[in-house]
Each structure stands twice: as structure tokens, then as C-alpha cells.
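Report on one structure; see the data block that follows.
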Amino acid sequence: KKSEAWSALFSEPMSDLVKRYTASVFFDKRLWKADIEGSLAHASMLAAQKIIGDSDLAAIRQGMAQITQEIESGQFEWKLDLEDVHLNIEARLTQLVGDAGKRLHTGRSRNDQVATDVRLWLRGEIDLIAVLLVDLQKSLLALAEKNVDVILPGFTHLQVAQPVSFGHHMLAYVEMFARDADRMADVRKRMNRLPLGAAALAGTSYPLDRESVAKALGMDGICENSLDAVSDRDFAIEFTSAAAIAMVHISRLSEELVIWMSQNFSFIQIADRFTTGSSIMPQKKNPDVAELARGKSGRVVGHLVGLITLMKGQPLAYNKDNQEDKEPLFDTVDTLKDTLRIFADMMGGITVRPEAMEKAALRGYATATDLADYLVKKGLPFRDAHEIVAHAVKEATSHNCDLSELPLAVLQKFNAAIDKDVYDVLSLRGSLNARNVTGGTAPAQVRLQLAKHHARLA
Ligand code: ARG
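Right, dumping it as C-alpha cells:
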């Protein structure tokens, strides 16, 4: 029995294992819509160029309409024997409309076909992701707006550093997700070019009008080199890289949520619908969603490494290795979309505990830098002021109190220039208000930033 899929050249069929090993239909059928869209654009151009007849085009359109209906209603029979989404759809088309179906593949190869399909599909996904990134930024913006005046101990090395506005802290993430959106737009721009017409690798002898196909598919132009057109998966790597960076931003945020929710901090509460209990410990409420997102970021980073490694040994032009680009790409899209959706919702449901944050800030001498700056304004060199404040902190530590709780007479022992007005500087709020530089944490600055982001996202 000869092989069904190929040609008279094959004298024996594949084993079931080899069939399963080489087939991609059970995952690449996800590309079906893009595949049909690309085929219809190709067929219209073939007819316009008189390479196929108008009646062929009509038959192809009618067959594709029926196939669309079959796939959407779940009746389409995907066959492993037909290897991939492209051969499955083409075979069914020929079954439905005969010779016209067999003419569709004129001037085309699965190599330029699959490169086109993946680009079309991913373009649609990037457009969805762009919306989700805006939703997440809006949700963070709302949380920031509610908490501009809430004071969080800012950390370096996870040690209390200086007080910051909780709103300011949230806007840091808005900046990150805004850059992620920019990166996605940039990937889209380079990706939105047409491989079709490159055929297997060398172009084709038919008088194709590639520009008109690009236009019909909403692409910004054609891939100029046929070898590159069928070999290039940069766009998939770039996309996964942008996705991995976005997931790492999510992961950092997750880590903070987990820390802040721990009893030792108690800075925030996450809405119950995003937490889970324990099967043994009745008191437990765990931030599972944040932890899972942190974990899933590793998975997307893994896909990036997988894809870039997939390319590194490939000579030009197309190699079957490229079939392996699909699962990591699909999983990256799924993971990123779900994560962005869930975070937009979860961040909206966060309640902050300002007292716990302020208490933590006071415990960590968050205003020590402010005391040093105060002494500098009285005329001391910064390095001397730094040393003096270290002594004051030592003193406060030995009394187990904050700098602001040391009596004036005690503070004056460290430097005579210290006066009553020092207590304005030593308060958390005084420290916050003092950082009134562009990009700083003073509430007045945070409100300016909020207005800018609102305008950008409007
Ligand atoms: N399923 C293949 C892929 O995903 C389609 C292209 C196959 N081309 C070939 N010459 N075997 O890359």
C-alpha cells in the first residue's frame, strides 16, 4: 500500500509512530482561519492574474465557505494521515469542489503558506494582547489613584529604605506594562509582511502579484527575499521575548503581592476569589494566583529559550524543525493572555492596610536620609551628615524607638545645628512630600504622573 499523502514516489507507508511523530494537525489546526484567509487571498490573485479561471475561484470560495462552517460547528474531520492543517483543508476542498481545489496550490508551497498563516494568526493575538495590556494598566491606575497618599516602606535589598507613595509604587508597574505594549506593537510592525510568493524557497515561475495579496491580507508589504521569507521565525522569537519580559514584570509584581500578604507584613489583602485554602490548615488563605503567575513566567521564559534554540542550527531555507515553533508560541499566547486578564481583575480587588505599612516604615528608620539631607541644608558636607545620622540611628535602636521619638536634647548631642524643625523632616509624610522632583514620590508628582497615564490610555 503506498503512502496516501505524497506521491507515486513513495513505495511504503509510514509507520503509525512516524505519522504521529511528524504530524502537527492536532495543534496547528488552531491556524485554520488564517489558513483559509490566506488561501482565499492567494486564489483571488491567481484568478486576477488569469492563472486559474474565474469558475475555479468561485468553486474555491464556495468550498472554503463550507469548510469554515464545518470547522466552526465541530463537524470537520481532522485526519492525522494528512499531517497538518494545510493538507487537511486542501484535501477537503478538493473533495468538495474537485479540480478547482487541486489548482489552489499553484505557485505556492506549504513553506510560504505556513509562514503566512503564523504571521496572520499571531497578528490577531497581538491585537488582543494590546487590549489586555491597556486593561491591566487601567486597573493599576485605579489602584494607584485610590492610594496616592498611602505610605509604603520602599525597599532596597528588601530592607526598609525610604517611604514611598503606594500609588507611586503601582505606577512603576504601569510604566513596565506600557513598555511591554510598545514592544508588542514593534513586533507587529516587523511581522506584518507577506511571505506568500516565496513558494518553497526560490520564488515561482507564475506571474504572481504579491503586493495585491499583501494588501488583501492587511499587510504592510511583502518579504523581499524568498529564502528569508520561508525561513524567518524572528517574529516568533521577538514576540516570545516581549511576552517573557511582560511575564517577568508580572512575576515581580506577584512576588511583592505574596510578600505583602504574608502575616509578617500584612500590607494588603487580596480578594478571596483569587486565594485558596488548605486541605489541612483551616486558618490558611494562600495567594495561589500570584504564585502560579510567578511560576508560569518560568514557562514562558522556557519557550523563548526553546524557540531561539530551535533556530540556531538551521541552514537556509525551510526545515521541518520549524514545525516545532507552534506549541511554544501557542502556549506563550495562552499563558500571557490568561495571566493579563486575571491580573487586571485581581489588582482591582486589592485592599491596602496603611497602618501596617506605616508601622513597618517607622520600624526601619525610613527617614534617616531625610535627617542627613536636613544637616546638609544646615551647611554640613553630606558624608559627615551621613556619619552623624548613623550614630543617631544607633542610639534610637538601643532605645527601640524611631528617630522622630528621640528628644531634641538627645538629637542635639549628635549635632548642635539640629533644631525643633527637625521633626517635620523626620515624619514619613514630610519625607514623602520632600521628594517633589519630576518622577519622585511626592503625592503632587504622583498626581501629575496619574494624569499623564490617563491621557495616554484615553
Ligand atoms: N506543518 C509544517 C510546519 O509547520 C508546514 C510546512 C511543511 N513544509 C514541508 N516542506 N514539510 O512548518
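In full-length UniProt numbering, the protein residues as written are 6 to 463.
Backbone N, C-alpha and C define an ideal beta-carbon position, used for all residues, glycine too.
Would you kindly work out how many angstroms separate the C-alpha atoms of residue 355 and residue 159, rounded to a whole number?
Distance between the alpha carbons of residue 355 and residue 159 is about 18 Å.
Contact check, residue 226 vs residue 219, beta carbons under 7 Å:
In this structure, the beta-carbon distance from residue 226 to residue 219 falls below 7 Å.
Rounded C-alpha distance that separates residue 316 from residue 189:
If you take the alpha carbons of residue 316 and residue 189, they lie about 21 Å apart.
Closer than 8 Å by C-beta to residue 277: which residues in its own chain qualify, once you throw out the five before and the five after it? Chain order, please.
So the list reads 290, once near-sequence residues are dropped.
So residue 164 is in the beta strand (DSSP E); what residue range does that whole segment cover?
Element bounds for residue 164: 164-170.
Within a Cβ cutoff of 8 Å, which residues of the same chain sit near residue 7, ignoring the five residues on either side of it in sequence?
Below a pLDDT of 50, predicted positions are generally treated as unreliable, and residue 7, at 44, falls in that range; the measurement from the model is reported next regardless. So the list reads 13, 15, 16, 17 and 18, once near-sequence residues are dropped.
Report yes if the C-beta distance between residue 377 and residue 391 is below 7 Å; otherwise report no.
For the 7 Å CB-CB criterion, residue 377 and residue 391 form a contact.
Can you look up residue 160 in the DSSP assignment and give me helix, strand or coil?
Here residue 160 carries a strand assignment [DSSP, helix/strand/coil].
Verify whether the separation of the beta carbon atoms of residue 431 and residue 408 is less than 7 Å.
Residue 408 is positioned such that its CB atom lies closer than 7 Å to that of residue 431.
Look at the Cβ atom of residue 150, then the Cβ atom of residue 455, and state whether they are nearer than 7 Å.
Less than 7 Å separates the beta-carbon of residue 150 from that of residue 455.
Report the rounded CA-to-CA distance for residue 410 versus residue 402, giving the unit in angstroms.
Rounded to the nearest whole angstrom, the C-alpha separation of residue 410 and residue 402 is 11 Å.
Close beta carbons around residue 111, own chain, < 8 Å, minus the five adjacent residues each side:
For residue 111, where only same-chain residues beyond five positions count, the Cβ hits under 8 Å are 51, 56, 57 and 211.
Take residue 394 as the anchor and find which of 90, 166, 419 and 21 has the nearest alpha-carbon.
Measuring from the Cα of residue 394, the nearest candidate turns out to be 419.
Could you check whether residue 224 and residue 199 sit closer than 7 Å to each other, using their CB atoms as the reference points?
Less than 7 Å separates the beta-carbon of residue 199 from that of residue 224.
Helix, strand or coil: which one does DSSP assign to residue 321?
Correct three-state label for residue 321: coil.
Between the beta-carbon of residue 451 and the beta-carbon of residue 153, is there less than 7 Å?
Cβ atoms of residue 451 and residue 153: closer than 7 Å.
Could you check where the beta strand (DSSP E) with residue 357 kicks off and where it finishes?
Run containing residue 357: 355-357, per the beta strand (DSSP E) assignment.
If you drop the 5 nearest sequence neighbours on each side, which residues of the same chain put their C-beta closer than 6 Å to that of residue 114?
Excluding residues up to 5 positions away in sequence, 204 and 205 lie with their Cβ nearer than 6 Å to the Cβ of residue 114 in the same chain.
Confirm, please, whether the CB-CB distance from residue 105 to residue 61 is below 7 Å.
With respect to the 7 Å criterion, residue 61 and residue 105 are classified as neighbours on the basis of their beta carbons.
For residue 227, write down the residues that DSSP places opposite it in a beta bridge.
Under DSSP, residue 227 forms a beta bridge with 199.
Looking only at DSSP bridge pairs, what is residue 274 linked to?
Bridge partners of residue 274: 356.
With distance defined between alpha-carbon atoms, name the residue in 178, 77 and 65 nearest to residue 139.
Measuring C-alpha to C-alpha distances from residue 139 to each of 178, 77 and 65 identifies 178 as the nearest.
Nearest-angstrom beta carbon gap, residue 302 and residue 246 [assumed within contact, 8 Å]:
The distance from the Cβ of residue 246 to that of residue 302 is about 13 Å, inconsistent with a contact at the 8 Å cut-off.
Which residues in the same chain have their Cβ closer than 6 Å to the Cβ of residue 375, if we skip the five residues on either side of it in sequence?
Here residue 375 has 430 and 436 as same chain residues with Cβ atoms under 6 Å from its own Cβ, once five neighbours each way along the sequence are excluded.
Can you tell me whether residue 186 is buried or exposed, with buried defined as 16 or more other CB within 10 angstroms of its CB?
With 16 or more Cβ atoms within 10 Å of its Cβ, residue 186 is classed as buried.
Quick check on residue 43: buried or exposed, where buried means 16 or more other Cβ atoms within 10 Å of its Cβ?
With 16 or more other Cβ atoms from the protein chains shown falling within 10 Å of its own Cβ, residue 43 counts as buried.
So, does the CB of residue 51 fall closer than 7 Å to a CB anywhere in chain D?
Reference to chain D is not applicable here, since this structure consists of a single protein chain.
Which class does residue 73 belong to by DSSP, given the choice of helix, strand or coil?
In the structure shown, residue 73 falls within a helical segment according to DSSP collapsed to helix, strand and coil.
Could you compute how far the alpha carbon of residue 101 sits from the alpha carbon of residue 340?
Between residue 101 and residue 340, the alpha-carbon positions lie close to 37 Å from each other.
Counterpart residues of residue 420 in DSSP-defined beta bridges
In the DSSP output, where bridge partners are listed per residue, residue 420 has none listed.
Heavy atom of the ligand ARG less than 6 Å from the Cβ of residue 104, yes or no?
The answer is no for residue 104.
Can you find a heavy atom of the ligand ARG that lies under 6 Å from the Cβ of residue 29?
Remark: the C-beta of residue 29 is in contact range of the ligand ARG, defined as less than 6 Å to any heavy atom.
Any heavy atom of the ligand ARG closer than 6 Å to the CB of residue 327?
In this structure, residue 327 has its beta carbon less than 6 Å from a heavy atom of the ligand ARG.
Do you know how far the Cα of residue 268 is from the Cα of residue 293?
Looking at the two C-alpha atoms, the distance is approximately 15 Å.
Check whether the segment 83-98 and the segment 31-48 are in contact - that is, three or more C-beta pairs closer than 8 Å.
Touching, yes.
Measuring only from the beta carbon, is residue 116 closer than 6 Å to any heavy atom that is part of the ligand ARG?
Residue 116: yes, Cβ under 6 Å from the ligand ARG.
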